[in-house]
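Residue numbers (our numbering): 269 to 610. A virtual CB, placed ideally from N, CA and C, is assigned to each residue, including glycine. These notes are about the structure you will find just below.
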Ligand SMILES: [Zn+2]
Ligand SMILES: [Zn+2]
């Protein structure tokens with residue numbers, strides 16, 4: 269099969285073509301596994317963190333990609349949840365131990381044996397992928413393959429971030445950064461919490477316009493004060509300035525949820541300017557969101573199909589994965605990016 273693989277960790281400002289197209293043997297399903305013939309795979313900011321070594325693949329070469337959609341092409345021994353031809357997707361959670369405290373209480377995203385798709389096992393930047401049938405989701409009929417792919421990570425983790433933010437209808441929500449995940453959160457909030465106002469902070473004018481088009485009541489640059497204080501903020505940026513600025517905008521008791529697997533260190537010295545009365549006093553909270561549990565993906569796919577929430581996306585051919593990644597790196601974003609495989 270054709271696959272775009274990462275062979276070496278590198279800096280994207282020194283190497284704009286980190287992935288290479290190679291031919292790998294077609295995967296064969298083991299016990300409890302299925303093989304999918306993929307049609308699309310979403311492109312996620314986490315791929316940049318993998319390539320640059322902030323959360324490096326456990327082995328190289330690695331097929332990246334964790335928002336894969338395709339059809340069941342082969343079924344291993346004792347796998348019986350799906351039949352050939354079923355349309356399914358794979359998300360960031362590739363597997364977890366299934367027996368620790370976290371796994372037994374639905375918090376498998378925190379399992380110490382958590383394995384990530386496209387980082388710890390080959391993912392979706394390829395024609396086929398092999399996965400345990402227990403970590404696969406049926407795709408609702410109402411969603412096209414390319415519409416469903418960004419929901420598997422950007423959407424599901426946005427949904428988890430919303431839950432952790434604890435926002436209720438009528439409360440004010442801030443979003444710092446406005447990429448694939450944030451634009452899906454905005455779409456979800458406008459349907460589920462119609463009385464809530466959403467304030468978007470983004471560097472680029474294009475992103476701010478996009479946010480207003482999708483229903484944000486206000487959009488400004490990072491650091492610009494919003495017209496009203498915020499009950500919660502979800503941060504999807506790789507930087508620290510948005511964290512410091514968001515804390516200033518929170519109402520007493522407000523919560524900042526950081527939805528980023530790793531932060532870049534470029535502006536981490538700003539953290540030394542943390543001023544307790546300004547940034548944290550009055551019971552303000554900071555919480556990170558780590559990975560996703562299967563329940564997040566299942567529930568969000570249902571909600572998305574029901575409303576429906578469809579992502580804005582742009583398609584690239586599999587062999588153009590490097591172009592998609594560089595455009596993501598440089599913030600040429602409007603919604604999500606999806607690789608078309610077959
Ligand atoms: Zn992702
Ligand atoms: Zn576990």
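Are there three or more Cβ pairs, one per stretch, closer than 8 Å when the segment 402-414 is compared with the segment 351-362?
-> yes
How is the alpha helix (DSSP H) around residue 370 delimited, first residue to last?
-> 369-372
CB contact flag (residue 442, residue 467, <8 Å) = yes
Taking only the alpha-carbon atoms, compute the straight-line gap between residue 503 and residue 329 and give it to the nearest angstrom.
-> 31 Å
Ordered list of beta strand (DSSP E) runs contained in the segment 439-510, each at least 3 residues | 440-444, 465-469, 486-488 and 498-503
Indicate whether residue 336 and residue 397 have their beta-carbon atoms separated by less than 8 Å.
-> yes
Boundaries (first-last residue) of the beta strand (DSSP E) holding residue 289 | 287-291
On the DSSP bridge assignment, give the partners of residue 526 in chain order.
-> 503 and 556
Go ahead and label residue 214 buried or exposed: buried means 16 or more other beta carbons lie within 10 angstroms of its beta carbon, across all protein chains shown.
-> In the structure as shown, the chain starts at 269 and stops at 610, and residue 214 therefore has no counterpart that could be examined.
Can you give the Cα-Cα distance for residue 569 and residue 523, rounded to whole angstroms?
-> 26 Å
Have a look at the DSSP bridge pairing and note the partners of residue 582.
-> 605
CB of residue 314 to nearest heavy atom of ligand 1: below 7 Å?
-> yes
Would you identify the three-state DSSP class for residue 270, choosing helix, strand or coil?
-> strand
Per DSSP, which residues does residue 534 bridge with? Please list them.
-> DSSP, once it has assigned bridges, lists no residue as partnering residue 534.
Pick out the complete beta strand (DSSP E) segments inside the segment 385-427, 3 residues or longer, and give them in chain order.
-> 396-400
Pull up the distance between the alpha-carbon of residue 452 and that of residue 603, whole angstroms please.
-> 8 Å
Could you pull the start and end residues of the alpha helix (DSSP H) that residue 319 belongs to?
-> 313-319
Leaving out five residues before and five after residue 577 in sequence, what residues of the same chain have Cβ atoms less than 8 Å from its Cβ?
-> 419, 423, 452, 455, 456, 459 and 571
Own chain, CB closer than 8 Å to residue 407, minus 5 neighbours either side, in chain order = 337, 355, 356, 357, 413, 416 and 569
Taking only the alpha-carbon atoms, compute the straight-line gap between residue 394 and residue 292 and give it to the nearest angstrom.
-> 9 Å
Buried versus exposed, by CB contacts within 10 Å (16 or more), residue 533 = exposed
List the whole-angstrom C-beta distance separating residue 593 from residue 311, where the pair is believed to meet the contact cut-off of C-beta under 8 Å.
-> 6 Å
Check each candidate in 492, 564, 343 and 435 and name the one with the smallest Cα separation from residue 425.
-> 564
Neighbour-count burial assignment, residue 431, 16 or more Cβ in a 10 Å radius | exposed
Give me the Cβ distance between residue 486 and residue 495, rounded to the nearest whole Å; I'm assuming they're in contact under 8 Å.
-> 6 Å
Pull every residue with its beta-carbon under 7 Å away from any heavy atom of ligand 2, and keep them in chain order.
-> 364, 365, 366, 367, 368, 370, 371, 376, 379, 380 and 381
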